[in-house]
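Colleague: In the numbering used here, the protein residues as written are 86 to 411.
Don't be surprised by glycine CBs; every beta carbon is placed ideally from N, CA and C.
Please find one structure pasted underneath; my questions will follow.
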């Protein structure tokens, strides 16, 4: 019969179907069942829970050094915070403001980071007119030597359209009715995503299959794309964090990572010559942003160099083209 300890551990770290019996056989060898009921000291009980948690991680294919356990604790803490969060409603006549600041590498004779900013104003009634401003920040950071590449970055634009149809006929979907994707999470796409973490992880695996140079890394990329949009409700943000606890390649890479003045915990996956990371605040569950570092030298750019990043901030704006007062 399954006891309470099995239930608690399986809730935290679900064992794939077919692995339960193997886990119990291992657990039976490590924690023999007593012949009579005993009252264990708290410290002893905690030690057993930790031991079994490590066994579960090994059975699931994770790292036996406890790294996977630590990742799960961080993500579950963030998810719990999001579940307690009530998304600030947008008053009638006002706009949800979402701003993304990105640094992207322009490769070539002089690899250089170029800065850009995308600001979006979403009306209280999403079926209304959305507004977007795209701009070059003028930031240029050379990645080799001391001279940055010249030339323009992104093209400055002001766009508007009902339901986020900024360029009808050019691939921009209707944010209210289009099927959408992880990169463009429309209302239809968001409504269709499962909130069960295991099913959501399976969906991420399925949708990323065949994409990118590293399968585990691509799962993190797709999750970050959706989180960065600023359009996901709190329950889905929490579900994504819990789904990522199933990504065994995910590691805590920096405990105090700072992006644009905001500090959080960085979690990343290394593969295909680079490390893809997300940065979150575990205490609040806020998604701060993401960054990409080289894990091996590429085109003269040293390993460890940041070759891409983005941060996102949110707020409520009184009018389009205006930023929130705070």
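Tell me which same chain residues have a C-beta within less than 6 Å of the C-beta of residue 324, skipping the five on either side of it?
Modeller: In the chain shown, the residue the question calls residue 324 occupies position 239. Cβ within range, chain order: 280, 282 and 285.
Colleague: Please classify residue 177: is it buried, with 16 or more other beta-carbons within 10 angstroms of its beta-carbon, or exposed?
Modeller: Along the chain shown, one-based indexing puts residue 177 at 92. Residue 177 comes out exposed.
Colleague: Nearest CA to the CA of residue 348: which residue from 336, 365 and 359?
Modeller: Residue 348 sits at position 263 when you count from the first residue of the chain shown. Minimum Cα distance to residue 348 is reached at 365.
Colleague: Using a Cβ-Cβ cut-off of 6 Å (strictly less than) and excluding sequence neighbours within five positions of residue 381, which residues of its own chain qualify?
Modeller: One-based indexing of the chain shown puts residue 381 at position 296. So the qualifying residues of the chain are 358 and 388.
Colleague: Count the other CB atoms, across all protein chains shown, that sit within 10 Å of the CB of residue 353; report buried if there are 16 or more and exposed otherwise.
Modeller: Stepping through the chain shown from its first residue, residue 353 is reached at position 268. Classification of residue 353: buried, given that the 10 Å Cβ count is 16 or more.
Colleague: On the three-state DSSP scale, how would you describe residue 172?
Modeller: Position 87 of the chain shown, counted from the start, is the residue given in the question as residue 172. In the structure shown, residue 172 sits in coil (DSSP, three-state: anything other than H, G, I, E or B).
Colleague: Please classify residue 174 as buried or exposed, where buried requires at least 16 neighbouring CB atoms within 10 angstroms.
Modeller: Within the chain shown, residue 174 is the residue found at index 89, counting from 1. Residue 174 comes out exposed.
Colleague: Let me know the secondary structure DSSP gives residue 260 once reduced to three states.
Modeller: Numbered from 1 along the chain shown, position 175 holds the residue referred to as residue 260. Residue state, collapsed to three classes: coil.
Colleague: Buried or exposed: where does residue 190 fall if 16 or more other Cβ atoms within 10 Å of its Cβ makes it buried?
Modeller: Along the chain shown, read from residue 1 onward, the residue named residue 190 stands at position 105. Residue 190 should be labelled buried.
Colleague: In terms of alpha-carbon separation, which member of 302, 360, 372 and 296 lies closest to residue 318?
Modeller: Residue 318 sits at position 233 when you count from the first residue of the chain shown. Nearest option by C-alpha distance: 372.
Colleague: Please give the ranges of any beta strand (DSSP E) in the stretch 182 to 240, keeping only runs that are unbroken, at least 3 residues long and fully inside the region.
Modeller: 197 to 208 and 214 to 227
Colleague: So, for residue 398: in the same chain, excluding its five sequence neighbours on each side, which residues have a beta-carbon less than 6 Å away from its beta-carbon?
Modeller: Locating residue 398 in the chain shown gives position 313, counting from the first residue. For residue 398, where only same-chain residues beyond five positions count, the Cβ hits under 6 Å are 184.
Colleague: Verify whether the separation of the beta carbon atoms of residue 334 and residue 301 is less than 8 Å.
Modeller: In the chain shown, the residue the question calls residue 334 occupies position 249. In the chain shown, the residue the question calls residue 301 occupies position 216. Taking 8 Å as the Cβ cut-off, residue 334 and residue 301 qualify as a contacting pair.
Colleague: Just mark residue 157 as buried or exposed, buried being the case when its beta carbon has 16 or more other beta carbons within 10 Å.
Modeller: Position 72 of the chain shown, counting from 1, holds the residue named residue 157. Here residue 157 is buried, its C-beta having at least 16 other C-beta atoms within 10 Å.
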